[in-house]
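Residue numbers (the UniProt record's numbering): 1 to 870.
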């Protein structure tokens with residue numbers, strides 16, 4: 001598709017004759033329009049777009065808004081609707097999709113220079129728009145939430161003066177009937193369906209030739225990685241009504257490496273957009289981009305310029321990585337699954353499904369927090385199921401070594417393509433073109449999924465693949481990620497989507513367990529009580545009821561409650577007696593479940609398992625369902641269970657077979673290790689069994705190191721303590737399990753989202769642990785570059801009692817809330833009598849809000865206490 005569907009170019013009045021290109025350099029600028037905008041409903045407003053886009057038009061009575069913004073985000077920012085995420089307040093917001101909405105703003109354009117061209121670009125409008133500039137209509141039907149729209153406005157703009165821009169937006173239909181954003185059953189729909197100018201709005205200036213979408217395709221001579229062939233592509237756009245000859249220059253560079261210059265001269269026809277492809281460049285001994293835990297995510301720079309008439313017309317630059325993702329197929333339990341390699345090395349992708357804020361609000365701070373938390377949990381992947389367009393997140397993923405798995409959303413118009421109109425078919429292809437262009441150049445992008453639950457129909461799938469071919473897409477693709485709808489999908493989608501006991505992940509006779517490759521599965525994840533108190537009134541925190549369930553899955557779906565999670569908690573840990581008791585037990589259950597989830601997938605890596613996505617990474621609003629950390633970035637049990645399971649070298653217990661594995665998730669082998677397993681009774685900590693074995697942990701592999709035998713004399717609830725130490729005696733991995741002589745057992749799969757447990761483990765013995773007031777703590781901080789690092793030392797001075805499931809947290813003042821975002825080297829730690837450990841916390845000083853930091857300690861059997869951080 002050489003003629004881009006995704007970028008609509010409207011050439012207005014600029015006309016240059018052959019050979020009359022001005023030899024002086026144009027001013028090359030890009031200005032994002034953000035402030036000074038106004039929003040109002042089109043209902044009751046009879047003025048035309050031509051009138052509204054006149055300079056000086058009065059917006060008295062409109063709502064002020066800053067871009068980017070959806071309709072509801074703008075109204076919330078102006079306090080039309082307040083505290084909409086608290087309780088059931090969202091229900092008080094009326095349907096905002098039954099009317100059009102006007103966005104209007106004025107801006108001053110850059111002064112003109114000879115041959116200068118002005119461009120107006122929209123990175124995201126949802127769903128349909130009429131666009132007017134200074135009384136001139138640029139587009140009567142700019143359609144497609146994920147489609148980029150671009151206009152040559154040289155003939156309509158006022159250079160060096162004030163301009164007026166007005167956009168009339170028609171929202172998408174409810175229930176995901178348009179090719180727009182869709183949250184399926186994950187949370188309530190936004191009342192405006194995210195209508196508005198959700199992406200950046202830009203005014204650019206160039207000379208007569210503009211550059212678009214630079215890209216470097218990298219190919220390695222695998223399995224060797226001592227060379228690479230790099231092919232540079234960039235689109236050149238002739239903004240004039242006459243042919244123009246342009247020289248496109250490119251430079252590949254990296255500090256400490258020789259620069260590589262490239263040049264090509266082409267003649268563009270009038271108003272032509274053409275891809276300029278350079279001959280492949282052979283590079284020896286490239287510095288490779290590696291995913292997190294495999295190495296350093298090294299980036300090169302590509303700078304491109306175009307000259308016309310001997311003067312600079314436009315410049316562009318990107319970062320890119322030299323790396324190559326490849327895929328292969330393997331059969332497990334009779335099903336074909338996809339596996340992946342990076343730079344010739346097997347890689348087990350493990351991550352979570354990312355959700356942006358329900359109102360499409362994101363910023364640099366929240367993007368950075370997501371990436372920080374993904375790395376801190378030992379994950380290496382983010383799945384974007386329809387949550388496309390947050391380009392800053394892609395940039396951060398490149399730099400952090402986090403892989404990105406973009407694709408279209410399930411259960412919506414996107415997967416009902418057999419009934420598409422001709423316009424919808426065009427919008428789908430344009431959306432793919434826009435989003436593949438936005439992601440193809442990123443080193444972090446490793447896979448595109450054309451569909452999720454269902455594959456596209458044959459004709460549309462072929463059209464999709466033609467787009468990918470035309471764009472020189474260099475990464476693997478999948479038709480969809482559910483083998484139940486497509487036997488050749490390469491990934492399964494068999495659930496579960498609600499709580500299951502840890503044994504399910506290990507029992508590979510069960511459909512949802514850790515075998516093959518999966519694009520999504522997960523459980524309910526009630527957040528810590530401190531977060532619940534931020535979005536539910538005291539009366540709604542206990543007993544669990546309508547308001548609680550409103551913050552589960554979408555109302556009316558099978559996920560609009562947390563009944564399976566709560567049933568498991570009550571039957572295994574003892575019936576909860578109130579909000580605080582429920583929360584402390586939920587933290588235990590979240591921890592053990594996400595830990596077992598990732599441990600099972602990691603321990604089976606490359607033999608039975610090849611990649612997994614936990615559903616979900618985070619939540620679009622305060623939620624009690626599906627997340628590894630909550631809306632407020634407060635890490636809880638699920639977060640720290642994941643972090644424990646995904647540590648670089650980790651020792652894990654198989655609930656199904658009693659085997660013990662050591663997993664090395666790095667590319668460096670570890671030898672001279674010793675693995676120890678010890679069983680203790682509860683509450684007296686009587687040791688009932690112990691064994692130690694020498695271990696060599698090969699790089700990027702899992703090794704079974706021992707099997708725990710049947711042990712007699714165990715208490716009904718008991719501890720399994722696993723440790724790995726190196727030759728010096730330093731602890732490499734320390735892992736504590738609590739389990740029962742009455743094992744969890746599973747029935748047959750009940751439905752598409754659950755396997756109902758048959759019997760529950762008895763973990764109530766934890767409630768008999770003696771209270772331990774003898775946990776001493778000190779905390780000292782160091783500050784550098786706006787970040788504080790707190791060193792926490794915990795010592796259990798009791799001679800007899802365990803300090804179990806201790807949660808150190810840094811708070812904003814004495815009795816304040818936990819500072820977020822924050823990372824800890826470990827958390828929910830348990831200390832045997834006489835033991836000591838050190839935990840390091842890190843956060844930004846500004847996030848203390850001017851308060852002094854305190855260390856608060858909470859635990860399952862210790863009193864809550866707080867000490868100042870020195």
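Idealized CB from N, CA, C, for every residue including glycine.
Since this is a predicted model, take the numbers as computed values, not measurements.
Judged by their CB atoms, residue 477 and residue 505 are not nearer to each other than the 8 Å cut-off. Among the bridge pairs identified by DSSP, residue 757 is matched with 746. For residue 658, the three-state secondary structure derived from DSSP is coil.
Looking at the DSSP output, residue 303 sits in a beta bridge with 251 and 317. For residue 148, the closest C-alpha among the options 452, 428, 485 and 579 is that of 428.
A direct Cα-to-Cα measurement between residue 544 and residue 351 gives close to 30 Å. Residue 811 places its beta carbon less than 8 Å from that of residue 818. In chain order, 833 and 834 place their CB closer than 8 Å to the CB of residue 799, counting only its own chain and leaving out the 5 sequence neighbours on each side.
Residue environment for residue 250: buried (at least 16 other C-beta atoms within 10 angstroms of its C-beta). Taking all protein chains shown into account, residue 622 has 16 or more neighbouring C-beta atoms within 10 Å of its C-beta and is therefore buried.
Per DSSP, residue 805 is one residue of the beta strand (DSSP E) stretching across 803-812. Taking C-alpha positions only, residue 840 is separated from residue 807 by approximately 13 Å. Counting only runs that start and end inside the region 453-533, the alpha helix (DSSP H) elements of at least 4 residues fall at 458-470 and 503-506.
If you ignore the 5 residues before and after residue 85, its C-beta comes within less than 7 Å of the C-beta of 535, 621 and 622, all in its own chain and listed in chain order. CA-to-CA, the gap between residue 133 and residue 495 works out to about 50 Å. With a beta-carbon spacing of about 15 Å, residue 610 and residue 334 fall beyond the 8 Å limit used to define contacts.
For residue 702, the beta-bridge partners assigned by DSSP are 663.
Looking only at 492, 386, 243 and 400, the smallest Cα-Cα distance to residue 332 is reached by 492.
DSSP, read as helix, strand or coil, puts residue 52 in helix. Distance from the Cα of residue 171 is smallest, within the candidate group 71, 163 and 186, for 71. According to the DSSP assignment, residue 548 belongs to the alpha helix (DSSP H) that extends over 546-550. Membership of residue 75 in the alpha helix (DSSP H) is indicated by the continuous run 71-77. Following the DSSP letters along the chain, one finds residue 725 inside the beta strand (DSSP E) bounded by residues 717-725. About 5 Å separates the beta carbon of residue 262 from that of residue 278, a gap short enough to meet the 8 Å contact definition.
The beta carbons of residue 42 and residue 127 sit no closer together than 8 Å. Within its own chain, the residues whose Cβ lies closer than 8 Å to the Cβ of residue 731, once the five positions on either side in sequence are excluded, are 723, 724 and 725, listed in chain order.
Sixteen is the threshold: when 16 or more other Cβ atoms of the shown chains lie within 10 Å of the Cβ of residue 519, as they do, the residue is buried. Of the residues assessed, residue 316 falls on the buried side of the cut-off, its CB having 16 or more other CB atoms within 10 angstroms. When the five nearest sequence neighbours on each side are left out, the beta carbons in the same chain lying within less than 6 Å of the beta carbon of residue 864 are those of 858, in order along the chain. Annotated three-state conformation of residue 326 is strand, per DSSP.
Annotated three-state conformation of residue 103 is strand, per DSSP. For the 8 Å CB-CB criterion, residue 705 and residue 660 form a contact. Looking at the backbone, the Cα of residue 93 and that of residue 359 are separated by about 13 Å. By the 16-neighbour rule on beta-carbons within 10 angstroms, residue 423 is exposed. Following the DSSP letters along the chain, one finds residue 626 in no beta strand (DSSP E), marked with neither H nor E. Counting along the chain, the unbroken beta strand (DSSP E) around residue 866 starts and ends at 865-868.
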